[in-house]
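S.K.: Pasting a structure here, questions to come.
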Amino acid sequence: MNSASNKIFAKAWMAIVYLFLYLPIITLVVFSFNDSKLVTVWSHASFRWYAALAKDSDLISAVLLSLEIAGLSALMSVFFGTFTAFALNRYKRFHGRTLLTSMSSMPLVMPDVIVGLSLLLMIVSVQNWLGFPERGLFTILLGHALLGTAYAAVVVTSRLREMDSKLDEASMDLGCKPMQVFTLVTFPLLVPALVSAFLLTFTLSFDDVVLSSFLSGPGYSTMPMVIFSRARLGLNPTINAVATVTIAVVTIAVIASSFYTSQQERKRKREEAQAYSNSNK
Amino acid sequence: MAKKQSFFTSLSAGRLVVIGVPYFWFLLLAAIPLLIVLKISLSEMESTSISHMIDWSHGWPRLTLNFGSYQFLATDSLYFKTYLSSIKYAAITTLLCLVIGYPFAYYMARSPKHMQPTLLMLIMLPFWTSFLLRIYAWKTLLVSNGVINNILISLHVIDTPIEMMNNSFSLLLGMVYSYLPFMILPLYANLSKMDMRYLEAAADLGTSPFKAFWLITVPLSKAGIIAGSMLVFIPAVGEYVIPELLGGSSTLMIGRVLWDEFFSNNDWPMASAVAVVMILLILVPMGVYNKAQAEQMEGK
Amino acid sequence: MATAPKEANKAAQEILLRVENVTKVYDGTVKAVDDVSLTVMKGEIFALLGGSGCGKSTLLRMMAGFETPTKGKIFLANQDITNLPPFQRPINMMFQSYALFPHLSVWENVAFGLKRDGMPKDEIAERVEKMLSLAQLNQYAKRKPHQLSGGQQQRVALVRSLAKRPQLLLLDEPLGALDKKLRESTQLELVNIIEEVGVTCVLVTHDQEEAMTMASRIAVMSEGYFLQVGEPDTVYEMPNSRKVADFIGNVNIFEGKIEEDEPDHVTVRCPECVHYVGHGVSGHSGMDVGVALRPEKIMLSKDKPNSEYNWCAGEVIEIVYFGAHTTYHLKLDSGKVIKAQELNNTRDLSCGLTWGDRAYASWSDLAMVVLTQ
Chain A
14 MNSASNKIFA KAWMAIVYLF LYLPIITLVV FSFNDSKLVT VWSHASFRWY AALAKDSDLI
74 SAVLLSLEIA GLSALMSVFF GTFTAFALNR YKRFHGRTLL TSMSSMPLVM PDVIVGLSLL
134 LMIVSVQNWL GFPERGLFTI LLGHALLGTA YAAVVVTSRL REMDSKLDEA SMDLGCKPMQ
194 VFTLVTFPLL VPALVSAFLL TFTLSFDDVV LSSFLSGPGY STMPMVIFSR ARLGLNPTIN
254 AVATVTIAVV TIAVIASSFY TSQQERKRKR EEAQAYSNSN K
Chain B
250 MAKKQSFFTS LSAGRLVVIG VPYFWFLLLA AIPLLIVLKI SLSEMESTSI SHMIDWSHGW
310 PRLTLNFGSY QFLATDSLYF KTYLSSIKYA AITTLLCLVI GYPFAYYMAR SPKHMQPTLL
370 MLIMLPFWTS FLLRIYAWKT LLVSNGVINN ILISLHVIDT PIEMMNNSFS LLLGMVYSYL
430 PFMILPLYAN LSKMDMRYLE AAADLGTSPF KAFWLITVPL SKAGIIAGSM LVFIPAVGEY
490 VIPELLGGSS TLMIGRVLWD EFFSNNDWPM ASAVAVVMIL LILVPMGVYN KAQAEQMEGK
Chain C
2 MATAPKEANK AAQEILLRVE NVTKVYDGTV KAVDDVSLTV MKGEIFALLG GSGCGKSTLL
62 RMMAGFETPT KGKIFLANQD ITNLPPFQRP INMMFQSYAL FPHLSVWENV AFGLKRDGMP
122 KDEIAERVEK MLSLAQLNQY AKRKPHQLSG GQQQRVALVR SLAKRPQLLL LDEPLGALDK
182 KLRESTQLEL VNIIEEVGVT CVLVTHDQEE AMTMASRIAV MSEGYFLQVG EPDTVYEMPN
242 SRKVADFIGN VNIFEGKIEE DEPDHVTVRC PECVHYVGHG VSGHSGMDVG VALRPEKIML
302 SKDKPNSEYN WCAGEVIEIV YFGAHTTYHL KLDSGKVIKA QELNNTRDLS CGLTWGDRAY
362 ASWSDLAMVV LTQ
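This is the structure in structure tokens:
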């Protein structure tokens with residue numbers, strides 16, 4: 014085995030996998046600017062489908078509904094996910110800890126259809142019993158928040174785990190009451206993790222089609238539900254346009270945030286190095 | 250004295266809230282719903298409503314368990330075939346993801362340190378774009394008058410379009426495509442933490458790089474392999490969207506059966522029974538996954 | 002360094018901290034701290050010394066209020082604080098690896114405790130200024146902790162815990178996170194600041210040198226209880242048990258029986274030699290005892306000493322050169338190996354011994370300690 018050919022092979026392998034991952038995305042974007050009604054045959058460039066998208070009131074109201082649900086469910090996910098992370102991280106021993114651990118990881122691995130079905134059946138039972146809730150925005154929200162809580166708990170737990178528990182003690186030692194420990198020390202240190210948990214769960218909700226289909230009621234179609242029903246029927250250039258818009262927004266956001274964090278990291282490293290070189294003089 | 254009391258009671262009250270809130274949340278939305286599924290799978294449809302399991306008409310509760318749905322599941326060979334074929338597709342998907350993902354994660358972990366965050370972000374980025382849209386994009390690529398066929402025909406590589414849609418090929422392609430990041434991420438996390446000195450020690454003791462890879466790298470990344478495989482396999486068994494959009498009618502997947510029982514046939518007990526059997530099928534891999542995770546956390 | 006606070010507390014002689022029969026049991030069975038009592042005088046620096054798992058940290062955490070004793074009481078200035086939560090105790094702690102708040106600047110870290118007390122803003126500013134100049138950190142006030150070197154972080158941690166003017170300062174392995182070279186200078190700075198403020202300290206350490214140089218009194222802990230409590234020289238020169246002698250510094254222990262037991266001297270017969278101890282001990286003739294002899298108290302020579310007692314002979318099997326001194330390992334005729342330390346006060350190795358030489362080790366009649374436990 015020769016290390017130069019090894020390296021070439023490694024690079025080729027990585028390039029092929031990246032191509033595989035990005036090929037469909039590139040196609041989506043390119044063909045959104047295609048003038049032809051046929052999604053797969055290139056005629057010439059135009060913004061025709063963006064104009065169609067602007068007039069597509071079904072799709073637009075679905076996008077707005079999806080945004081609303083994603084925002085609310087992400088907030089709920091972060092809230093309950095933080096509680097879950099604290100319960101599992103701060104209390105090593107209580108009755109039913111194993112049950113909580115498995116319940117909180119269940120939505121992560123359980124197939125969507127099962128989560129959707131079980132939630133719906135639960136909601137119907139409650140409905141028969143109490144007369145509410147009606148299927149609609151609220152029930153979709155519950156489903157997305159359940160899924161999001163599981164993901165948010167993972168993100169927050171990993172941050173809590175690397176956080177020095179001595180910081181809590183130090184703040185108590187300096188006079189913080191238990192609630193102040195949280196507001197003055199733990200929470201500020203958790204903020205970055207909460208932000209990334211919010212973004213992750215927002216995306217999950219914005220992306221979900223299976224749970225929404227089970228849990229929505231008449232008149233409540235999220236964007237993925239509309240896209241899914243159109244995609245089942247065939248190819249539709251408006252979908253390419255809406256895809257390109259979301260891809261653009263997400264890409265800009267992800268690149269900007271990762272650029273920002275890597276800048277921060279670099280700055281921190283530089284300052285650290287400086288501190289050490291100063292002190293060794 | 251009063252102050253002491255308040256500190257310790259507030260501490261335990263805080264504990265109660267911190268544990269109680271998520272407990273209530275997951276009991277209500279995760280545990281109880283599954284029990285309801287189990288319950289409904291043991292009842293039967295009476296026109297549009299579900300029969301009551303507990304009958305009070307005689308003045309005392311009488312529990313009636315209806316195994317009709319399970320009987321139907323067991324006797325109709327189509328269900329059995331569908332379960333089998335779901336497991337087959339999920340297993341092939343897992344294997345393909347491992348074969349493609351392992352070298353990728355390995356090379357990524359060996360890339361220059363300053364490159365790794367970018368490479369990682371490039372894996373995550375498609376993750377952030379709608380999964381549904383990406384599957385839809387494959388459809389535009391694969392159909393007989395789709396992008397790939399058009400390009401191949403215009404280059405005169407082929408004369409007639411290749412059938413790439415609505416078969417096992419398109420299904421597996423879509424599944425591998427969607428689940429590949431779930432394989433790569435845990436593998437990368439595991440491999441990037443691995444101490445390179447083990448390999449140096451192996452080389453020092455006269456092991457060839459190829460042997461060292463099989464004797465050291467692979468066994469040490471066992472936890473990553475298990476985590477990645479389970480993260481792919483378990484949701485793949487019950488996948489619905491990909492077979493619906495790319496699989497066509499010939500590929501049997503149990504997620505679609507559940508969906509159809511529920512939405513087309515309105516047979517809730519049957520859909521629940523299908524779900525219960527599906528849960529039983531993935532219980533073992535879930536146990537393996539949880540055990541591996543717990544071990545990794547302790548071993549850390 | 003260690004003598005200054007000693008004299009100060011002799012003048013005051015006021016008990017600040019009293020720990021009474023404190024026991025801490027974990028999980029119903031594991032005794033981390035076992036019926037410990039101690040008093041700390043005002044102005045004293047008191048060290049809890051022991052290996053890992055000896056219970057020293059648990060004891061410290063009970064003083065801070067992070068753990069409550071299973072049994073026993075803790076008093077601070079005659080007030081029972083056993084069940085007082087940490088945020089109500091006039092006690093502050095400097096944590097191992099400092100626990101500085103990473104999201105707050107140096108200034109805000111030091112001001113953190115004062116703000117919780119609701120101190121007026123201008124007073125806080127004044128106090129923080131004072132604290133920072135005490136630690137010579139004024140120019141770093143706006144920095145975040147990660148922008149400081151290890152030594153600077155350590156000083157921030159110290160003045161943060163001093164800012165509230167606690168009655169008692171707890172130090173958890175204060176030098177543990179620093180490398181060896183930095184330790185000595187930092188230790189000096191630390192003690193200087195503590196003495197300038199005049200605060201009473203309890204410090205926890207596993208490093209005997211750290212304990213000896215910083216503390217006015219040391220408690221040697223093992224398996225949850227105190228083996229010996231005393232001033233550093235007492236603990237070193239007069240250990241009360243084999244465990245203490247062994248834990249603090251290097252020691253050779255000869256096992257033997259008391260032969261003569263007189264008020265002004267005793268003799269102990271060991272397989273290797275006969276020890277003549279120039280003072281009385283609490284024992285009786287025929288009793289099994291250990292004789293502890295520190296390596297630096299042994300003289301080596303090639304010539305046989307002309308005395309009846311306090312010498313033995315053996316073969317040099319190992320010579321370890323440390324620069325300032327050299328340690329010789331001597332294999333005695335009985336097979337026992339003892340260590341002897343010789344100062345290298347000239348540039349040629351003073352006693353001229355080499356591997357395989359037969360050498361005679363001798364010591365004075367006040368060099369050893371008779372251990373009955």
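Sequence order for the protein chains is A, B and C. Counting from 14, one number per residue, gives the positions in the first sequence under my numbering. Counting from 250, one number per residue, gives the positions in the second sequence under my numbering. Counting from 2, one number per residue, gives the positions in the third sequence under my numbering. The beta-carbon is built from N, C-alpha and C at its ideal position, and this holds for glycine as well. As the structure is a computational prediction, the values presented were derived from the model and not from experiment.
(1) Within 10 angstroms of the Cβ of B:E412, are there 16 or more other Cβ atoms? Answer buried if so, exposed if not.
(2) Name, going along the chain, the residues of the region 468-490 of chain B whose beta-carbon falls closer than 8 angstroms to a beta-carbon of chain A.
(3) With DSSP as the reference, please indicate the residues paired to C:Y226 in a beta bridge.
(4) Could you tell me whether the Cβ atoms of C:A170 and C:S162 are closer together than 8 angstroms?
(5) Within 10 angstroms of the Cβ of B:W463, are there 16 or more other Cβ atoms? Answer buried if so, exposed if not.
(6) Within a Cβ cutoff of 8 angstroms, which residues of the same chain sit near C:G250, ignoring the five residues on either side of it in sequence?
(7) Kindly indicate which residue of C:D334, C:S150, C:A48 and C:N307 has the alpha-carbon position closest to the one of C:S363.
(8) In chain B, what lies closer than 9 angstroms to A:I240 by C-beta?
(9) If you run the structure through DSSP and keep just helix, strand and coil, what is C:Q97?
(10) Please list the partners that A:I38 has in chain B, where partner means a Cβ-to-Cβ separation under 9 angstroms.
(11) Pairs of beta-carbons, one from the region 413-420 of chain B and one from the region 493-512 of chain B, closer than 8 angstroms: are there three or more?
(12) Report the three-state DSSP secondary structure of C:S363 (helix, strand or coil).
(13) Is A:S117 near A:A163, with beta carbons less than 8 angstroms apart?
(14) Starting from the beta carbon of B:S521, find every residue of chain A whose beta carbon is closer than 9 angstroms, and list them in chain order.
(15) For the region 337-354 of chain B, enumerate the residues whose C-beta is nearer than 7 angstroms to any C-beta of chain A, in chain order.
(16) If you follow the alpha helix (DSSP H) that B:I433 is part of, which residue opens it and which one closes it?
(17) Closer than 6 angstroms by C-beta to C:R144: which residues in its own chain qualify, once you throw out the five before and the five after it? Chain order, please.
(18) Can you list, in chain order, the residues of its chain whose CB lies under 7 angstroms from that of B:V537, leaving out five sequence neighbours each side?
(19) Nearest chain A C-beta to C:T83 closer than 8 angstroms, yes or no?
(20) Tell me which residue opens and which closes the beta strand (DSSP E) that C:G275 is part of.
(21) Comparing the C-beta of A:M185 with each C-beta of chain C, is any distance below 8 angstroms?
(22) Using the Cβ count rule (16 or more neighbours within 10 Å means buried), how would you classify A:E24?
(23) Would you say B:M250 lies against chain A (beta-carbon separation less than 8 angstroms)?
(24) Given this structure, state the Cα-to-Cα distance separating A:F151 from A:F145, to the nearest angstrom.
(25) In the structure shown, what three-state DSSP assignment does C:L170 receive?
(26) Can you name the start and end residues of the beta strand (DSSP E) that C:V321 belongs to?
(27) Measure the beta-carbon distance from A:V223 to A:D125 and round it to whole angstroms, keeping in mind my assumption that it falls under 8 angstroms.
(28) According to the neighbour-count rule (16 or more other Cβ atoms, all chains shown, within 10 Å of its Cβ), is A:Q287 buried or exposed?
(29) Could you tell me which chain A residues have their CB closer than 7 angstroms to the CB of B:W508, listed as they occur along the chain?
(30) Taking three-plus beta-carbon pairs below 8 angstroms as touching, is the region 17-26 of chain C in contact with the region 34-51 of chain C?
(31) At what residues does the beta strand (DSSP E) containing C:Q155 begin and finish?
(32) Shortest alpha-carbon distance to C:I339 belongs to which of C:H326, C:A325, C:Q374 and C:E297?
(33) At 9 angstroms on the CB atoms, spell out the chain C contacts of A:E284, in chain order.
(34) Using C-beta distances below 7 angstroms, list every residue in its chain close to B:L550, excluding the 5 sequence neighbours before and after it, in chain order.
(35) If the cut is a Cβ gap below 8 angstroms, which residues of chain B does A:W26 touch?
(36) Is the beta carbon of A:G149 sitting closer than 8 angstroms to the one on A:G94?
M.R.: Looking at the coordinates:
(1) Position 163 of the second sequence, counted from the first residue, corresponds to residue 412 of chain B. Exposed is the call here.
(2) M479, L480, I483, P484, V486, G487, E488, Y489 and V490
(3) Indexing the third sequence from 1 puts residue 226 of chain C at position 225. The partner list for C:Y226 (beta bridge, DSSP) reads C:S223.
(4) The residue labelled residue 170 of chain C in the question sits at position 169 within the third sequence. The residue labelled residue 162 of chain C in the question sits at position 161 within the third sequence. Residue 170 of chain C is actually Leu in this sequence, not Ala. Yes, they are a contact pair.
(5) By one-based count along the second sequence, residue 463 of chain B stands at place 214. Exposed is the call here.
(6) For this step, residue 250 of chain C is matched to residue 249 along the third sequence. For C:G250, where only same-chain residues beyond five positions count, the Cβ hits under 8 angstroms are Q209, Y237 and R295.
(7) Indexing the third sequence from 1 puts residue 363 of chain C at position 362. Checked all of C:D334, C:S150, C:A48 and C:N307; the closest Cα to C:S363 is C:N307.
(8) Taking the first residue of the first sequence as position 1, residue 240 of chain A is located at position 227. Those within 9 angstroms of A:I240 in chain B are S379, L381, L382 and Y385.
(9) Numbered from 1 along the third sequence, position 96 holds the residue referred to as residue 97 of chain C. C:Q97: coil per DSSP, three-state reduction.
(10) Mapped onto the first sequence, residue 38 of chain A falls at position 25. In chain order: L374, P375, T378, L382, R383 and A386.
(11) yes
(12) The residue labelled residue 363 of chain C in the question sits at position 362 within the third sequence. Three-state result, C:S363: strand.
(13) Counting from 1 along the first sequence, the entry for residue 117 of chain A is found at position 104. Counting from 1 along the first sequence, the entry for residue 163 of chain A is found at position 150. Yes. Within cutoff.
(14) Position 272 of the second sequence, counted from the start, is the residue given in the question as residue 521 of chain B. What B:S521 touches in chain A: L130, S131 and L134.
(15) I349, P352 and F353
(16) Numbered from 1 along the second sequence, position 184 holds the residue referred to as residue 433 of chain B. That run of the alpha helix (DSSP H) goes S417 to K442.
(17) For the purposes of this step, residue 144 of chain C is taken as the residue at position 143 of the third sequence. Answer for C:R144: V107, listed in chain order.
(18) Here residue 537 of chain B refers to the residue found at position 288 of the second sequence. So the list reads I475 and M479, once near-sequence residues are dropped.
(19) As a working note, residue 83 of chain C is residue 82 in the third sequence. For C:T83, the answer is no, since every Cβ of chain A falls outside 8 angstroms of its Cβ.
(20) Along the third sequence, one-based indexing puts residue 275 of chain C at 274. It is worth fixing the name first, because residue 275 of chain C is Val in this sequence and not Gly. Run containing C:V275: V275 to V278, per the beta strand (DSSP E) assignment.
(21) As a first step, residue 185 of chain A is located in the first sequence; it is residue number 172 there, counting from the start. Closer than 8 angstroms: yes.
(22) Along the first sequence, read from residue 1 onward, the residue named residue 24 of chain A stands at position 11. Checking the sequence, you will find Lys at residue 24 of chain A rather than Glu. When all chains shown are included, A:K24 counts as exposed.
(23) Within the second sequence, residue 250 of chain B is the residue found at index 1, counting from 1. Summary for B:M250: the model assigns pLDDT 36, below 50, so the residue's position carries little reliability, and this model does not support an answer.
(24) What you label residue 151 of chain A is simply residue 138 of the first sequence in a count that begins at 1. What you label residue 145 of chain A is simply residue 132 of the first sequence in a count that begins at 1. If you take the alpha carbons of A:F151 and A:F145, they lie about 11 angstroms apart.
(25) Numbered from 1 along the third sequence, position 169 holds the residue referred to as residue 170 of chain C. Of the three classes helix, strand and coil, the one that applies to C:L170 here is strand, per DSSP.
(26) Taking the third sequence and counting its residues from 1, one reaches residue 321 of chain C at position 320. Segment W312 to Y322, the beta strand (DSSP E) holding C:V321.
(27) On the first sequence, position 210 is the one that residue 223 of chain A refers to. On the first sequence, position 112 is the one that residue 125 of chain A refers to. The Cβ separation is near 4 angstroms, so the contact holds.
(28) Here residue 287 of chain A refers to the residue found at position 274 when the first sequence is read from its first residue. Counting Cβ neighbours within 10 Å, A:Q287 comes out exposed, since fewer than 16 surround it.
(29) The residue labelled residue 508 of chain B in the question sits at position 259 within the second sequence. Going along chain A in sequence order, the residues near B:W508 (Cβ under 7 angstroms) are V126.
(30) yes
(31) Residue 155 of chain C sits at position 154 when you count from the first residue of the third sequence. Counting along the chain, C:Q155 falls outside any beta strand (DSSP E), though it belongs to the alpha helix (DSSP H) covering G151 to L163.
(32) Taking the first residue of the third sequence as 1, we reach residue 339 of chain C at position 338. The option with the nearest alpha carbon to C:I339 is C:E297.
(33) For the purposes of this step, residue 284 of chain A is taken as the residue at position 271 of the first sequence. Here the neighbours are R144, K145, H147 and Q148.
(34) The question about residue 550 of chain B has no answer here: the residues shown for chain B are numbered 250 through 549.
(35) Here residue 26 of chain A refers to the residue found at position 13 when the first sequence is read from its first residue. In chain order: P352, F353 and Y356.
(36) The sequence position of residue 149 of chain A within the first sequence is 136, counting from 1. The sequence position of residue 94 of chain A within the first sequence is 81, counting from 1. No, the pair does not count as a contact, with Cβ atoms beyond the cut-off.
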